[in-house]
Each structure stands twice: as C-alpha cells, then as structure tokens.
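A.B. asks: Position one of the sequence shown corresponds to residue 1 (the numbering used here), numbered consecutively onward.
Below are the structure tokens for one structure; questions will follow.
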Amino acid sequence: MISAAVSHLAAADPLLGKFITRHIDEFGPCPIRQYRVRSLFSPLSRSIVYQQLSGKAAGTIYGRFRDLFNNRNPTATALLKLSYQQLRDAGLSNNKTLALQDLAEKVVRRQLPAAARVHQYSDDELIEQLVQVRGIGVWTVQMFLMSWLGRMDILPTADLGIQKGLQLLDQLDSLPTPEQLDVRGACWAPYRTIASWYLWRRTEC
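Printed below as a string of structure tokens:
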C-alpha cells in the first residue's frame, strides 16, 4: 500500500516524488496504520489535551491527566466523576476542561458514533459528527482520521506544518493558503495523507 502510494505521488507530482525518493531512507515509509478503536473518548481526549501546546508541555499535562484515572486509559464515565477543579489542577485550561466534559457527556449519552462502527463512516461523516463536540474542530478530527483510523486521503489544509512544508518544497515566498494547498494537493489523491506526512518531514530538513 505505501509503495503504491509513493509511486503514485512520484508520478503525479515529480517535485514531491523527488523529495520522497531522496529522503525515504532517512525518514522511512509513512507509518500509517489502522487501529482498533475501543472508545472514541481516549484518542479524542488526548487530542484535546495536546491542542496548541508544544510536545513536551502537552506530554507533561497529559501525564497529570492520566494520573487522575490511576494511570489507566481515560474513560468518559470516569471523567464525569471528576470535578472541574481536579481537571484544572492537572494543568488543563478552562476551555479544555469544558471540552473534555462535553466530550464525556456526548460519549455517555451515545450522541457520537459508536467506536465499534466508526470505520464504517466516511471521512466527511465523521468530521460532521465529531465537530459537534466543544473544542474539537476539523483539524482535530483530521488528525484522528489519519493517526487512528489510517485514512489514506486526508489533507489538513489549515495545518501550519503542512503549509510550511509546501512552501519549502515549492520555494514559495509566503505560506500557501488553505485554498491554494487544496488545489495544489488535488493530484495527490487518493494518497493525500502520505503526501501530508512527507510535507511534515520536509520542515525537518
């Protein structure tokens, strides 16, 4: 699957293909895989905690968050037993605390897709369903689709890292807009997730 994706990208976009070919030994193939999702709460709560933070700071706060669950995977039912202040004391902002509570309530009330059937939903259907949760936007759902469900054709056009990667790849004077990135990346379909991963890697060179 990955080799077919790389071949397609190289043929569809020689500039991107040249970069992948030159650096594939350094970065390796895109490590995309599909996980069995037992609960939407665990991966989405992690995404909420990590939003707009550096990796180190987010990891520290997420560790404190997990400690509230006795170092077990966080669950919606268990979170609803925690107080607002307990969540704030773990280092979570007001907005993230309210977002986590809203996510937990919607999971418990079965207002979100069931984890057992999540793979049956299309990308657009999942985005439409999950952005109903406070604090979860399109970008967060796209990261979930890519990192947990292994969806192969996701292009997060609002992602700063991907915009920067394309700017460097195409030697642009300024960052491309989401609209420009969407048009530029049309030829990468149906492997836009793979293209996105290598654009992230482009910023590391």
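Virtual Cβ for every residue (Gly too), placed ideally from N, Cα, C.
Does the beta-carbon distance from residue 141 to residue 130 come in below 7 Å?
C.D. replies: Yes, Cβ-Cβ distance for residue 141 and residue 130 is below 7 Å.
A.B. asks: Would residue 99 and residue 48 be called neighbours here (beta carbons separated by less than 7 Å)?
C.D. replies: Contact: yes.
A.B. asks: So what's residue 11 in DSSP terms, helix, strand or just coil?
C.D. replies: Note: residue 11 maps to helix in three-state DSSP.
A.B. asks: With DSSP run on the structure shown, which of helix, strand or coil describes residue 163?
C.D. replies: If DSSP states are grouped into helix, strand and coil, residue 163 belongs with the helices.
A.B. asks: Closer than 7 Å by C-beta to residue 200: which residues in its own chain qualify, once you throw out the five before and the five after it? Chain order, please.
C.D. replies: Correct list, in chain order: 161, 162, 165.
A.B. asks: Quick check: what's the CA-CA separation for residue 139 versus residue 133?
C.D. replies: Cα-Cα distance, rounded: 13 Å.
A.B. asks: Identify, in the order they occur along the chain, each residue of the same chain with its Cβ nearer than 7 Å to the Cβ of residue 95, setting aside the five sequence neighbours on each side.
C.D. replies: Same-chain partners within the cutoff: 135.
A.B. asks: Mark residue 57 as exposed unless 16 or more other C-beta atoms lie within 10 angstroms of its C-beta, in which case mark it buried.
C.D. replies: Answer is exposed; the Cβ neighbour count stays below 16.
A.B. asks: What whole-angstrom Cβ distance do residue 13 and residue 148 have, given they're in contact under 8 Å?
C.D. replies: Their Cβ separation, rounded to whole angstroms, is 27 Å, which puts residue 13 and residue 148 out of contact at 8 Å.
A.B. asks: Kindly indicate which three-state DSSP category residue 37 falls into: helix, strand or coil?
C.D. replies: Three-state result, residue 37: coil.
A.B. asks: Note down the Cα distance separating residue 87 from residue 80, rounded to an integer number of angstroms.
C.D. replies: One C-alpha to the other measures close to 11 Å.
A.B. asks: In whole angstroms, what separates the C-alpha of residue 8 from that of residue 45?
C.D. replies: Distance between the alpha carbons of residue 8 and residue 45: 35 Å.
A.B. asks: Can you check whether the CB of residue 97 is closer than 7 Å to the CB of residue 146?
C.D. replies: No. Outside cutoff.
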